[in-house]
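Note sheet for the following structure.
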Amino acid sequence: MATDIRLSSLKEPVDVAEYLFIRLHQMGVRSIHGVPGDFNLVALDYVDKCDLKWVGNANELNAGYAADGYARIKGMSALVTTFGVGELSAINALAGAYSEHIPIVHIVGTPNTTSQKDGMLLHHTLGNGNFNVFADMSREISVVLARLNDPAEIANQIDHALQQCWIQSRPVYISLPTDMVQKKIGGERLKTPIDTAFPENDEAKEDYVTAVVLKYLMAAKNPIILVDSCAIRHRVLDEVHDLVDKTGLTVYVTPMGKGAVNETHANYGGVYAGDGSQKEVKKGVEASDLILTIGAIKSDFNTAGFSYKTSQLNTIDFHSDRIEVRYSSYPGVHMRGVLRKIINQIDLSKLSAVARPKVINEIEENTDNSETITQAWIWPRVGDFLKENDVIITETGTANFGIWETKFPAGVTAISQVLWGSIGYSVGATQGAALAVADSSASPSKPDRRTILFVGDGSLQLTVQEISTMVRLNLHPIIFVICNAGYTIERFIHGMDAAYNNIPTWRHTDLPSVFGAQPGQSRSYQVRTKAEVEKLFHDKEFCAADVLQIVELYVPKKDAPRALVLTAEASARVNSKV
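Oh and the sequence shown: position 492 is 492 in the UniProt record's numbering, straight run, nothing missing.
See below:
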């Protein structure tokens, strides 16, 4: 049989799926999340061949959440679902990743190109012959949508999608038809890594914007820095810390920016969220005559119900696609280059820096005469329990707001979903984050960072199956289940005693064994008093986090962090507007 002339010119031919998974490995991905389905099964045969691990999640939504958590630690993640039913189950998680700037490569196994062209009446379709409808649904939550239908273009499509996923820090969508999985494409280009260098600003624009920023910074009497989540997502934390070190300016973070700044730094001022801030923090930020905000997302939950008391006239916003100086906008200028030039060019002799009070975990200040565990007491106390480089995941609700009151040791990574706020997110994200820590450790079975989750008893019930994945992968997260009898944030928005905010009571301490943990593979605890919290936090075995651990942490039903109450009241007002 004659050799296919189309293949004879290929240099070092490889199968499409092999090319794709090798590229993912080169980008730092080591584990692939997802759920098998008949349109992705052949592609999954290539996972092991490319030195990757298949996770296999309980469902596609959990897999999407897990991929989100994995990407926040590892830099990028990959999710594989099947056509239609699988990808739609994951779409909520991908929408959240898009809104929060998380780089996930979503690979969808689709029917073969002939079936699609002929409009065949296949399962997992709408029965109308339209095979593009689901991809079109993902178009608005993906920075690249690549249909791998033509072998001559596939390598370029894959490389472009992965490059943009990294640079724009947002999801991309790749559809992989079953008849393309084993098609041959040129593999020689695998020897050249994908160019992930961030585009440089136009030098003249960058110089001009830098000069404008420096002009206002030198004239300010009380300038400060406020760091938000996009400083993390768009990878300018080196510039942030260099700016703080160079200038000596006080630096604050937003709730979404928690963990972006070393909170043991002498210049760290605390968490600013408008009226939800501590008194000294609120005073310090709102007294400033120039705020350098880096990577801001000024959403309702990130600002305690839009309660900022700052003026745009006193603000310079640094973003990944523009710089806004007071009321002037400079589009197409990335913050990275401007920040670096400010660091290099600033005249410290002309800069005014005002010292701020030192931030502490206010444990004693929130201690009362009762042994009841209160929200006001527990969150500062958590700060002393944490260790350097811990990974902390907080669920939408009490944990997301409570963690504002926790001062972190150095190197702590905080994961939350403040903007998208999908209930149940944190459980899947914990699996992904814990796996990313293991994948990054010299000894994966004994990772060098603890992964700690704080989740409400209501939120846990949406995605609890992912504990089974943690057990199967032998991950060792500490899971604090905040037991307060239902949906607390909803109670404070509307329906404090309404039946729809109640949940069934579970025996959370039994969950590890229910989901397959063998004797010695997990530990469970209940804590109902401050004394029991103290005993647990001083337990060396517990603190070692050498197995999966679940803690039932009991707090009063109608108790909530101060910031949650304020934000819920603001949400209720907005919801009621006509």
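All C-beta atoms in this analysis are idealised placements derived from N, C-alpha and C, irrespective of residue type, glycine included.
Distances from the alpha-carbon of Pro223 to those of Pro255, Leu351 and Ala498 put Leu351 closest. Restricting attention to Ala266, Asp546 and Arg30, the CA atom closest to the CA of Ala410 is found in Ala266. The C-beta separation of Pro103 from Ser169 comes to about 5 angstroms, placing the pair in contact by the 8 angstroms criterion. Ranked by how close their Cα comes to the Cα of Phe515, the residues Gln549, Gly305 and Glu490 have Gln549 in first place.
Secondary structure remark: continuous beta strand (DSSP E) runs of at least 3 residues inside the stretch 268 to 293, in chain order: 268 to 271. In its chain, beyond the 5 residues on either side, Ser288, Asp289, Leu290, Ile291 and Arg326 have a beta carbon closer than 8 angstroms to the beta carbon of Asn314. Excluding residues up to 5 positions away in sequence, Pro409, Ala410, Gly411 and Val412 lie with their Cβ nearer than 8 angstroms to the Cβ of Glu388 in the same chain. Measuring C-alpha to C-alpha distances from Val29 to each of Tyr554, Phe301, Val437 and Ser349 identifies Val437 as the nearest. With 16 or more neighbouring CB atoms inside 10 Å of its own CB, Tyr487 falls in the buried class. Between Val455 and Ala399, the beta carbon gap of about 6 angstroms places them in contact (Cβ cut-off 8 angstroms).
Listed in chain order, the non-local C-beta contacts of Asp179 below 8 angstroms within the same chain comprise Asn112, Thr113 and Thr114, local neighbours out to five positions each way being set aside.
Around the beta carbon of Trp54, fewer than 16 other beta carbons lie within 10 angstroms, which makes this residue exposed.
For Asn262, the closest alpha carbon among the candidates Ala531, Lys191, Ser416 and Asp242 is that of Asp242. Around Pro13, the same chain offers Leu7, Lys184, Ile185, Gly186 and Gly187 as residues with beta carbons nearer than 8 angstroms, after the five sequence neighbours per side are excluded. When the alpha-carbon of Thr451 is set against those of Asn40, Asp457, Val464 and Gly428, the nearest one is in Gly428.
Per DSSP, the beta-bridge partners of Val172 are Val105.
Taken atom to atom, the span from the alpha-carbon of Thr310 to that of Ser299 is near 15 angstroms.
Taking a C-beta distance under 9 angstroms as the contact criterion, Leu564 and Cys483 do not qualify as a contact pair. Secondary structure of Arg147 (DSSP, three-state): strand. Around the beta carbon of His538, fewer than 16 other beta carbons lie within 10 angstroms, which makes this residue exposed. Sequence-distant Cβ neighbours of Gly84 in its own chain, meaning closer than 6 angstroms and more than five residues away, are His124 and Phe134.
The criterion of a C-beta distance shorter than 9 angstroms is satisfied by Val16 and Leu148. Within the model, the alpha-carbon separation for Ala97 versus Tyr425 is close to 11 angstroms.
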